[in-house]
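Let me begin by presenting the structure, written as C-alpha cells, before commenting on it.
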Amino acid sequence: MTDYTEVTIVGGGPGGLSAALAAAQAGAKVTLIDMYKTPGGQYYREKDLPRPDRVSGRQLRSKRLRKEVLEAGVRVLTETVVWGTFGGKVLALQGRDAPTSIESETIIIATGTYERAIAFPGWTLPGVMTAGAAQTMLYHGVLPGKKLLCVGTGPLQLIVAADAAKSGARVVSVLEAMTALPPVTKLVNGMWGQWPRLTEGLSSCLALVVRGMPIRMGWGIVAAKGDGQVEEAIIGRVDSSWRMVPGTEKAIPCDTICLGYGFVPSHALLNLLGVDLEFRPEMGGEVPKRDALMQTNIPGVYAVGDCAGVGGGPMALLEGQIAGISAAARAGHNSADAEAALLKLWPALVHERRFQRLYSSLFTPKPGIYELVTDDTMLCRCEEVTAAEVRRAIKLGADTDNEVKAVTRCGMGNCEGRVCSQILANFVARETNRSLTNVGLLRPRPPLYPLSIDQLCACAPGGRVANSVEDRQ
Amino acid sequence: MSGREDLIMKTSLHEEPNGKTITLMIDGLPVLANKGDTIASALMATGRRAWRLTRKGGQRGLFCGIGQCFDCLVMVDGVPGTRACMTLVIAGMVVDTRSNPEVAS
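Going down the list, the protein sequences come from chains V and D.
0 is the number of the first residue of the first sequence in numbering that gives the first Met the number 0; add one for each residue after it.
0 is the number of the first residue of the second sequence in numbering that gives the first Met the number 0; add one for each residue after it.
Following this line, the structure appears as C-alpha cells:
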C-alpha cells in the first residue's frame, strides 16, 4: 500500500523534528519517519533514561519539541526504517504501523550521523566499542567496563570518560590524537557564544583531572589484545598526521576500549535517491551540495543536520526549520512570513557554522588512523573479510572499493557498509596509490537495513511496490 | 535496596525503586533488569561482554550501541537477528544467545 503525503521527513532527531514542526505549522501534510521507539535521535537520546530526578535542559527541550510536533498534526511513524527508494519520491518502508511505501511532493532527509569506526588488530574483540555505545550504557546506569581506555579525538570521548569516571569506572587514560592545542585566537573565534558546549567540555576535563585520570595528547591506539575479550591495549605516540611513531608502543591493561574518532554523515538514503554527493573529509564523509534553503540538486529533496555535514544538534535545529518552511512552500503552503522567518534564522546559522569550521579544523581525522591494519585485521566486521583478502582482490584486478565488495563481500553484510565504508576506501586508496576522493565510498544498496523474506513479502503483496514504480514510468 | 545485587556492572544510576524491575529469561536463566533497559544494557549489567558467535567463530557484543552495526544480534522470543541494543526488555521475554542468530536467519 502506497501512502501519499506532502512532506516526508526521514529521521526524528533535532533536524527532522524541527523540520516537521516548521512544515506542519506552515500548513503542510507531514509524515515523520524514525527508526527508534521515540523520536529524538542520538542528540536527545538521554531522555530515555529512567531517571525522573535527573532531567536536563536538553531533555525538557526534546520533550517540548516532540509534543509540539504531535500537536501540529504531524503523523509520526516510529520504529520504521526506509530500506529503499523506488523511482521519483517513493520510499519503501518497513515498520510496525507503517505503510509499505510512501510517496510525497518533497522529502527532507535528516538521517543524522553515526560514529566513525577505525580498524586495528583486535578491533572486533568484545570490549572495543564506540564512545557513543559506552555513553548509551551509562545512560542506562550500566558501566561499559571497569577499566576504560578512551581513544580518539574531540569532546565526546572526554564527556564519556568523565561520565564513566563519575559512575565508578576507572579511566586508565584518555588519548587525544591531536598533538598540540590550537592558537587561542582561533579557539575564541569559534567558541565565542558556545557556552553550554564550553562548560560541558571543561567540566568533563575537570572531572577527570580531579580523579587523577590522565588525558594524553598525541597518543593513539595500535592494537587490542585479549582472549575472547579485551584485556590489554597497545598504545603509541602519533605524529601530526596521526601516524604511529615506531618504538613508542606500550601495553596498558584495560577491559574496554572506547573509540571516539568523530562522526560520519549517514548518507545512504541520499545516495539511493540519486543526490549528488561529494567527499568532504572535514564534513565527515560524503555530503550533498545544497542551496541556501537546504535543497539538494534534486528539486524537492532536502537534506538537513549531520547527514549533510557533521555540525551538531543546534545547527540541525536551524537547518530543519529552514528546510521545513521551504518544503512546505514547495508543496503549495507559502506563508507571507516564511521569508522573514528564514532571514531571522540566518545569523544563528552563521554562528553555528563558525563553530562547525573550528570543530572540523581541529578534529577531522588524519590519515594515520587508517594505517593500523595488519594482514589478518578484519576490514569488514559483518562478513569478516581481512585486509589480506582485500589486498589479494586488488592484485587480481579489483580497482575500486565497489569492485572489492563484489569480489570479497567486504561491505556487503548486515550493516550495509556503514561501519567499513571509509575503512575500505582508505585501504583501497593506499593500496592503489590514489587519493581518497578518487576512490569514493561504497555505493549503498537496498535494503539499507536487513529485511526478512517475510517482511519483504509483506511489503509487496502481489508485487505492489514493483507496480508502483511501473505506474510512475 | 535495589534488588540488583547480582548485577555486577550497575552504577548508582541504576538504583530503581521496587516495582520498576522486571525479570526476563536469558539463556534459560532469569535475569533482573530495569524497565527501560535494552537487552544490551541488561546483558552488560550482568557482566556479559560477548554474546554472539560469528560464522568464523569470533565473539561479538556491543559495538555501535545505536542500531547501525548489527554486531549485537540475539534471538528474542524465537525471532533471530534481533538487535540487543535497540530492543527494550519486557517481562517474561526469552532471549537466547546460544543459537547463532546470524546462521538461523
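Glycine included, every Cβ here is placed at the ideal spot set by N, Cα and C.
In this text the structure is predicted, and so the values were computed from the model without any measurement.
Shorter than 7 Å from the beta carbon of residue i to some beta carbon of chain V?
{"i": "D/Ala-90", "result": "no"}
{"i": "D/Met-74", "result": "no"}
{"i": "D/Cys-71", "result": "no"}
{"i": "D/Ile-61", "result": "It is Leu, not Ile, that sits at residue 61 of chain D in the sequence shown. Chain V, which has a Cβ nearer than 7 Å to the Cβ of D/Leu-61, makes this yes."}
{"i": "D/Ser-98", "result": "no"}
{"i": "D/Ala-44", "result": "yes"}
{"i": "D/Gly-64", "result": "yes"}
{"i": "D/Gly-57", "result": "yes"}
{"i": "D/Arg-82", "result": "no"}
Quick one: what's got a C-beta closer than 8 Å to residue i's C-beta in the same chain, skipping five residues either side?
{"i": "V/Val-244", "result": "Gly-235, Arg-236, Val-237 and Asp-238"}
{"i": "V/Gly-299", "result": "Lys-88, Glu-104, Thr-105, Ile-106, Ala-326 and Arg-329"}
{"i": "V/Glu-275", "result": "One detail in the question is off: residue 275 of chain V reads as Asp in this sequence, not Glu. The residues are Pro-287, Lys-288, Thr-295 and Asn-296."}
{"i": "V/Gly-83", "result": "Leu-90, Ala-91, Leu-271, Pro-445, Pro-446 and Leu-447"}
{"i": "V/Ala-428", "result": "Ser-434, Leu-435, Asn-437 and Val-438"}
{"i": "D/Gly-66", "result": "Arg-82, Cys-84 and Met-85"}
Measure from the C-beta of residue i to each C-beta in chain D and report whether the shortest distance is under 7 Å.
{"i": "V/Leu-180", "result": "no"}
{"i": "V/Pro-125", "result": "yes"}
{"i": "V/Gln-454", "result": "no"}
{"i": "V/Ala-307", "result": "no"}
{"i": "V/Leu-450", "result": "no"}
{"i": "V/Glu-156", "result": "The residue asked about is misnamed: residue 156 of chain V is Gln in this sequence, not Glu. It does not; no Cβ of chain D falls within 7 Å."}
{"i": "V/Ala-132", "result": "yes"}
{"i": "V/Met-212", "result": "no"}
{"i": "V/Met-314", "result": "no"}
{"i": "V/Thr-129", "result": "yes"}
{"i": "V/Met-497", "result": "A query on residue 497 of chain V cannot be resolved here, the shown segment of chain V reaching from 0 to 472 and no further."}
{"i": "V/Thr-135", "result": "yes"}
What do you get for residue i, buried or exposed, if any count of 16 or more other CB atoms within 10 angstroms of its CB means buried?
{"i": "V/Lys-394", "result": "exposed"}
{"i": "V/Trp-485", "result": "As shown, chain V starts at 0 and ends at 472. That puts residue 485 of chain V outside it, with no answer to give."}
{"i": "V/Trp-191", "result": "exposed"}
{"i": "D/Thr-96", "result": "buried"}
{"i": "V/Asn-296", "result": "exposed"}
{"i": "V/Gly-167", "result": "exposed"}
{"i": "V/Cys-456", "result": "exposed"}
{"i": "V/Tyr-3", "result": "exposed"}
{"i": "V/Asp-226", "result": "exposed"}
{"i": "V/Gly-39", "result": "buried"}
{"i": "V/Met-477", "result": "Chain V is shown from 0 up to 472; residue 477 of chain V falls before or after that span and cannot be answered."}
{"i": "V/Leu-64", "result": "buried"}
Kindly indicate which residue of the options has the alpha-carbon position closest to the one of residue i.
{"i": "V/Ala-267", "options": "V/Val-286, V/Pro-252, V/Thr-255 and V/Asp-254", "result": "V/Val-286"}
{"i": "V/Arg-442", "options": "V/Glu-318, V/Gly-273 and V/Lys-288", "result": "V/Gly-273"}
{"i": "V/Gln-421", "options": "V/Ala-405, V/Asn-401 and V/Leu-69", "result": "V/Asn-401"}
{"i": "V/Thr-112", "options": "V/Ala-307, V/Leu-316, V/Met-216 and V/Pro-38", "result": "V/Ala-307"}
{"i": "D/Met-92", "options": "D/Lys-19, D/Leu-28, D/Met-8 and D/Lys-9", "result": "D/Leu-28"}
{"i": "V/Pro-346", "options": "V/Leu-361, V/Ala-291, V/Tyr-448 and V/Val-208", "result": "V/Ala-291"}
{"i": "D/Gly-56", "options": "V/Leu-423, V/Ala-19, V/Thr-431 and V/Leu-124", "result": "V/Leu-124"}
{"i": "V/Gly-140", "options": "V/Thr-129, V/Leu-148, V/Trp-122 and V/Asp-162", "result": "V/Asp-162"}
{"i": "D/Phe-69", "options": "V/Gly-416, V/Asn-432 and V/Phe-426", "result": "V/Gly-416"}
{"i": "V/Gln-423", "options": "V/Pro-445, V/Pro-213, V/Arg-390 and V/Glu-67", "result": "Inspection of the sequence shows that residue 423 of chain V is occupied by Leu rather than by Gln. Nearest option by C-alpha distance: V/Arg-390."}
{"i": "V/Ile-251", "options": "V/Gly-310, V/Leu-207 and V/Leu-174", "result": "V/Leu-174"}
{"i": "V/Leu-361", "options": "V/Leu-186, V/Ile-101 and V/Ala-21", "result": "V/Leu-186"}
{"i": "V/Arg-521", "options": "V/Cys-381, V/Asn-425 and V/Phe-426", "result": "Past the edges of chain V, shown from 0 to 472, lies residue 521 of chain V, and the structure says nothing about it."}
{"i": "V/Ser-202", "options": "V/Gly-311, V/Ile-452, V/Leu-157 and V/Cys-379", "result": "V/Leu-157"}
{"i": "V/Phe-85", "options": "V/Ile-101, V/Val-229 and V/Val-209", "result": "V/Ile-101"}
{"i": "V/Ala-232", "options": "V/Asp-305, V/Cys-253, V/Thr-178 and V/Glu-370", "result": "V/Cys-253"}
{"i": "V/Ile-501", "options": "V/Thr-129, V/Leu-180 and V/Asn-333", "result": "Residue 501 of chain V cannot be examined here, being either before or after the span of chain V that is shown, 0 to 472."}
Residues in the same chain with beta-carbon distance under 7 Å from residue i, minus the five sequence neighbours each way, listed in chain order, please.
{"i": "V/Gln-24", "result": "Ala-71"}
{"i": "D/Ser-104", "result": "At D/Ser-104 the pLDDT is 39, less than 50, meaning the model places this residue with poor confidence; the figure from the coordinates comes in the next sentence. Closer than 7 Å at Cβ, skipping near neighbours: Pro-79 and Gly-80."}
{"i": "V/Val-473", "result": "Summary: the structure shown does not reach residue 473 of chain V, with chain V confined to residues 0 through 472, and so no result is reported for it."}
Closer than 6 Å by C-beta to residue i: which residues in its own chain qualify, once you throw out the five before and the five after it? Chain order, please.
{"i": "V/Pro-366", "result": "Ser-240"}
{"i": "V/Gly-131", "result": "Glu-114"}
{"i": "V/Glu-281", "result": "Ser-359 and Thr-363"}
{"i": "V/Ala-397", "result": "Val-403 and Val-406"}
{"i": "V/Pro-49", "result": "Bear in mind that a pLDDT of 49 at V/Pro-49, under 50, signals an unreliable position, so the model cannot answer this."}
{"i": "V/Val-80", "result": "Met-34, Gln-93 and Tyr-448"}
{"i": "D/Ala-83", "result": "Ile-38, Ala-39, Cys-71 and Val-73"}
For the ligand COA, is there a heavy atom less than 6 Å away from the beta-carbon of residue i?
{"i": "D/Gly-66", "result": "This structure lacks the ligand COA; in fact it carries no ligand of any kind."}
Task: Residues in the stretch 410 to 429 of chain V having any Cβ partner in chain D nearer than 7 Å - done: Taking 7 Å as the cut-off between beta carbons, the residues of the stretch 410 to 429 of chain V near chain D are Asn-413, Cys-414, Arg-417 and Val-418, in sequence order.
Task: Residues, ordered as in the chain, of the stretch 138 to 150 of chain V that lie near chain D by beta-carbon distance below 9 Å - done: Tyr-138, His-139, Gly-140, Val-141, Leu-142, Pro-143, Gly-144 and Lys-145
TODO: Note down, in chain order, all residues in the stretch 104 to 120 of chain V with a beta-carbon under 9 Å from any beta-carbon belonging to chain D.
DONE: Tyr-113, Glu-114 and Ala-116
TODO: Residues of the stretch 27 to 43 of chain V with a CB closer than 9 Å to any CB of chain D: list them in chain order, please.
DONE: Met-34, Tyr-35, Lys-36 and Gln-41
- [ ] Pull out every residue of the stretch 19 to 38 of chain D whose Cβ sits closer than 9 Å to any Cβ of chain V, in chain order.
- [x] Lys-19, Asn-33, Lys-34, Gly-35, Asp-36 and Thr-37
Task: Where the stretch 351 to 385 of chain V meets chain D: residues whose CB sits under 7 Å from a CB there - done: Arg-380, Cys-381 and Glu-383
Task: Contact residues within the stretch 226 to 247 of chain V, judged by C-beta distance below 9 Å to chain D - done: Gly-227, Gln-228 and Val-229
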